[in-house]
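Data block below; observations after.
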Amino acid sequence: MVSLADASRGVRRIELSRPDITEEDISAVVRVLRSGHLVQGPEVARLERVFAQLVGSRHAVAVSNGTASLHLALIALGIGPGDEVIVPAFSYIATANVVERVGARCVFVDVEPGIFNVGPEGVEAAITPRSRAIVPVHEFGLACDIARIAEIGRRRGIPVIEDAACALGALRGRRHVGSVGEVGSFSLHPRKAVTSGEGGMLTTDDDALATQFRILRNHGIDERREFVAAGLNCRMTDFQAALVHGQLTRLDAILDRRAELASVYRHELGAAGWLELPKVPEGCRHSWQTFHALLSDTIDRDGVIQALAERGIGANYGAQCIPAQPYFRDRYRLDSESLFANAYGAWRHGLALPLHSAMSRQDVVQVATQLTEVVGTFL
Ligand SMILES: *Cc1c(COP(=O)(O)O)cnc(C)c1O
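If you're matching positions, the sequence shown starts at 285 in my numbering and goes up one per residue.
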C-alpha cells in the first residue's frame, strides 16, 4: 500500500521482510486443501526428504515452528533440572526460553564483535561439570565456527544443538549449517528467507534421536502405535509443507538475490563513518536472513527506526541481549552491559535493514539514501 504521504514524497513503502511466494506455491497449497489430507501426510514426508538432502543430514523431522524444534531437541537429549545449557547472550529470545522451559539453566556467552555469533573460545570457557548441551546460533544467517564448536562438544562429551533458525542455505566451507552438530534446528517463520507460515525442522544423523523427535512431536506415539513417551503435538500441516517445497526448489535463486542486495548495501553504506557493516569470515556463504549493521553509539537508534518508519521504510533492531531482558535479568542477575558487552551493544545499537527478494537494487539504494539523510539529523 502506498499511503498519500508516501505518494507525495514519491517514496515506495519498503518492508523489512516479505515472503517469496509465487502463484505456483499458492496452487500447491490449494491442491493439498482439495486433497483432504491436511496434517503430516505425503507433503511433509517429501519435504523432510528434500530438506535432509539439502542440509546433508541423514534425517529431517518437520515440526510446528523453530521454537518447538529447539524444545524437542532438549527434551530428546534428556535435559532438565540441574543441567546447564550454553547459549549466546545475543539471539532471538526463543533460544534461551526453551532452556528455561525444560527446567535447565542458561549459561550465557558473549558474541564476537561484528559477527554476532559465539566463538569456540567463549564456548569452551563456559563449560562446567553440569554442561549438558551447547546451543550455538547462526545469527542472521551467518554460520558460526561450528566445526570447532562441534569438536569441543565431542571432546567434552556434550551434544551440540545448532540453532540454525535463520540460516537455511548458510554454509561454512562446504558444510551446511545444521549438519555438523548432533542436532540442527530450523525455523520456517515468515521472517526467515523460506517460510511455511509457522514451521520448523530438526536435522540429525543420529537414528535414535530422529526416532525420538518423531515420537515426541506426535503425542508420544511410536511406529507400533503405542504411547511410549509424554509427547507433545508439534506436527506440521501438509499444506504448510507444500508451501515450502517450491521455495526450496528456488533456494539458490532466493539466496543469490539476497546476497546481491546485501552487496548493494555494502557498496552504498561502506563509507559511512557512523555505521559498522556486518563482517563475513572467509569461506562462509551468508544466507542474509537479516542485513544487520551497528550504528555508532552516539546515534539514537530507536529514533532512526522511527524516522525510517515515517518514510515508509521498515527497519528494526536485530535481536535481544537475552540476559538483559526482564525475565532473565530478574532470574540470573547478571550485569549484561559489562559481562556481555558485544551482545549488549548489538541489542542497543544494531539496525536490521529491509532485505527480501521482492526488493530491487534501486530499493536498496533508496533505503541507504533515506538512512543517510535520517542519520544526518541525529549527528
Ligand atoms: C526465529 C528464531 C527462532 C524461533 O523460531 P520460530 O519458528 O519463530 O519459533 C529461534 N531462534 C532463532 C535464532 C531465531 O531467529
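The C-beta atom is built at its ideal place from N, Cα and C for all residues, glycine as well.
CB of residue i within 7 Å of CB of residue j, strictly
i, j, result
"Glu552", "Val649", "yes"
"Ile597", "Gln646", "no"
"Phe575", "Tyr601", "no"
"Ala388", "Val369", "yes"
"Leu639", "Leu545", "yes"
"Val334", "Leu532", "yes"
"Gly350", "Ser471", "yes"
"Ala373", "Cys605", "yes"
"Gly462", "Ala448", "yes"
"Ala312", "Gly483", "no"
"Val316", "Arg519", "no"
"Leu358", "Val382", "yes"
"Leu500", "Gly481", "no"
"Ser375", "Ser469", "no"
"Arg342", "Asp506", "no"
For residue j and residue i, the rounded distance between their alpha carbons
i, j, result
"Ala329", "Gly406", "38 Å"
"Gly634", "Leu539", "22 Å"
"Arg542", "Trp572", "6 Å"
"Gly320", "Leu618", "52 Å"
"Gly325", "Glu332", "11 Å"
"Ala642", "Pro303", "8 Å"
"Leu559", "Ala451", "24 Å"
"Leu637", "Leu578", "11 Å"
"Ser620", "Glu308", "47 Å"
"Ser301", "Pro562", "18 Å"
"His460", "His570", "11 Å"
"Glu299", "Arg475", "11 Å"
"Leu623", "Val467", "28 Å"
"Ala555", "Val651", "15 Å"
"Ala434", "Val464", "7 Å"
"Arg615", "Glu396", "25 Å"
"Ser644", "Ile411", "45 Å"
"Arg296", "Ile589", "17 Å"
Where the alpha helix (DSSP H) through residue i begins and ends
i, result
"Ser622", "620 to 623"
"Arg439", "430 to 440"
"Ile298", "Where Ile298 is concerned, there is no enclosing alpha helix (DSSP H), given that its DSSP letter is neither H nor E."
"Arg257", "Residue 257 lies beyond the range of the chain shown here (285 to 663); nothing can be said about it."
"Val314", "307 to 319"
Residue burial classification, residue i (beta-carbon count within 10 angstroms, cutoff 16)
i, result
"Glu446", "buried"
"Asp429", "buried"
"Ile310", "exposed"
"Tyr611", "exposed"
"Ala591", "buried"
"Asp394", "buried"
"Phe511", "exposed"
"Glu423", "buried"
"Glu657", "exposed"
"Pro443", "buried"
"Pro365", "exposed"
"Glu566", "exposed"
Supposed contact pair residue j and residue i - C-beta distance, whole angstroms, cut 8 Å
i, j, result
"Leu426", "Val564", "7 Å"
"Phe497", "Ala360", "6 Å"
"Arg419", "Thr379", "The residue you asked about is not Arg; residue 419 is Val in the sequence shown. Right, the Cβ-Cβ distance comes to about 6 Å (below 8 Å), so this counts as a contact."
"Ala417", "Ile363", "6 Å"
Where the beta strand (DSSP E) containing residue i begins and where it ends
i, result
"Ser469", "467 to 471"
"Ile418", "415 to 418"
"Ile399", "Neither: Ile399 is in no beta strand (DSSP E) and is coded neither H nor E."
Can you list the residues near ligand 3, meaning Cβ strictly closer than 6 Å to any non-hydrogen atom, in the order they appear in the chain?
Ligand 3 is absent from the structure shown, which contains only ligand 1.
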